[in-house]
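Chemist:
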Amino acid sequence: MNIKTSDDPVALFKSWLSEATKDEINDPNAMALATCGKDGKPSVRMILLKQFDENGFKFHTNKESQKGEELSQTPYAALCFHWKSLRKQVRAEGRIEMVTEKEADDYFSNRPYERQIGAWASQQSRPLESRAHLEKKIKELQAQYPKGTTVPRPSYWVGYRLIPQTIEFWWDNPDRLHDRLKYTKNNDENWDIQRLYP
Ligand SMILES: Cc1cc2nc3c(=O)[nH]c(=O)nc-3n(C[C@H](O)[C@H](O)[C@H](O)COP(=O)(O)O)c2cc1C
105 MNIKTSDDPV ALFKSWLSEA TKDEINDPNA MALATCGKDG KPSVRMILLK QFDENGFKFH
165 TNKESQKGEE LSQTPYAALC FHWKSLRKQV RAEGRIEMVT EKEADDYFSN RPYERQIGAW
225 ASQQSRPLES RAHLEKKIKE LQAQYPKGTT VPRPSYWVGY RLIPQTIEFW WDNPDRLHDR
285 LKYTKNNDEN WDIQRLYP
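In this text, residue positions in the sequence shown follow this note's numbering: the first is 105, and each later residue adds one.
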């Protein structure tokens, strides 16, 4: 397949994501996020990319969740997008930093009311005794923060940014000899480009 590439992986990722946004039925911004705690055992889950630019890949979650705990122990992560309809994959690896309180507040204040209440209600990744227990908690929170009033951000609902050290683009070729281009940030903060065997 003839693909327009670029010296700049940021521009290339933006163009692939915008193509995916047109073609993927659901969640073109969904990515697998792999983390690893101090025990060295990896874990992975899907998450939504909320912003991407030259500073990295930003996502929001609960810092008390399994991934949050692991990121606090080992602030490095890997992520992977697979756009089935485009037959393309992007992987990135790098250091993780938490976004500022202001950035997290701005993001939270723009979430729909139901999701704001959901963030308060969910002790993400910890045992839940029953579905009814969660529903009761949501009703109590709706009474505490009625619709139309400001719902404050729970301090545990935060944002992270993966600052890529590497970004790899993979695209399908009908002959199964797929293309792979790996961009690595060098010491001068420029990108080295390497083609890899499929
Ligand atoms: C398509 C998709 C998108 C998701 N996006 C998010 C997200 O943006 N933030 C989040 O905390 N969980 C998201 N989840 C739920 C996570 O996959 C996961 O169940 C949750 O964050 C708990 O993960 P952990 O126990 O590994 O911390 C998403 C799930 C799916 C299937």
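Where a beta carbon is used, it is the ideal one built from N, C-alpha and C, also for glycine. Please read all numbers here as calculations on a predicted model, not as lab measurements.
Comparing C-alpha positions only, which one of T139, S234, W275, Q220 sits nearest to V255?
Modeler: In the sequence shown, the residue the question calls residue 255 occupies position 151. Comparing Cα-Cα distances from V255 to each of T139, S234, W275, Q220, the minimum goes to Q220.
Chemist: Considering only the alpha carbon of each residue, which of P302, I200, K145, F273 lies closest to D111?
Modeler: What you label residue 111 is simply residue 7 of the sequence shown in a count that begins at 1. Among P302, I200, K145, F273, the Cα nearest to that of D111 is on F273.
Chemist: Tell me whether M150, by its Cβ, gets closer than 7 Å to a heavy atom of ligand 1.
Modeler: As a working mapping, residue 150 is identified with position 46 in the sequence shown. Result yes, Cβ under 7 Å from ligand 1.
Chemist: Determine the burial state of R235: buried for a count of at least 16 other Cβ atoms within 10 Å of its Cβ, exposed for fewer.
Modeler: Stepping through the sequence shown from its first residue, residue 235 is reached at position 131. When all chains shown are included, R235 counts as exposed.
Chemist: At what residues does the beta strand (DSSP E) containing H186 begin and finish?
Modeler: As a first step, residue 186 is located in the sequence shown; it is residue number 82 there, counting from the start. 180–187 is the span of the beta strand (DSSP E), which, as asked, contains H186.
Chemist: Could I get the ranges of all uninterrupted alpha helix (DSSP H) runs contained in the segment 190–266, with 4 residues as the minimum, in chain order?
Modeler: Segments of the alpha helix (DSSP H) lying fully in the segment 190–266: 205–213, 217–225, 235–248.
Chemist: Whole-angstrom Cβ separation of V262 and A208, contact assumed at under 8 Å?
Modeler: Within the sequence shown, numbered from 1, the residue matching residue 262 stands at position 158. Within the sequence shown, numbered from 1, the residue matching residue 208 stands at position 104. So it is a contact: roughly 5 Å between Cβ atoms.
Chemist: Straight-line CA distance for T165 to Y264?
Modeler: As a working mapping, residue 165 is identified with position 61 in the sequence shown. As a working mapping, residue 264 is identified with position 160 in the sequence shown. Computed Cα separation, rounded: 8 Å.
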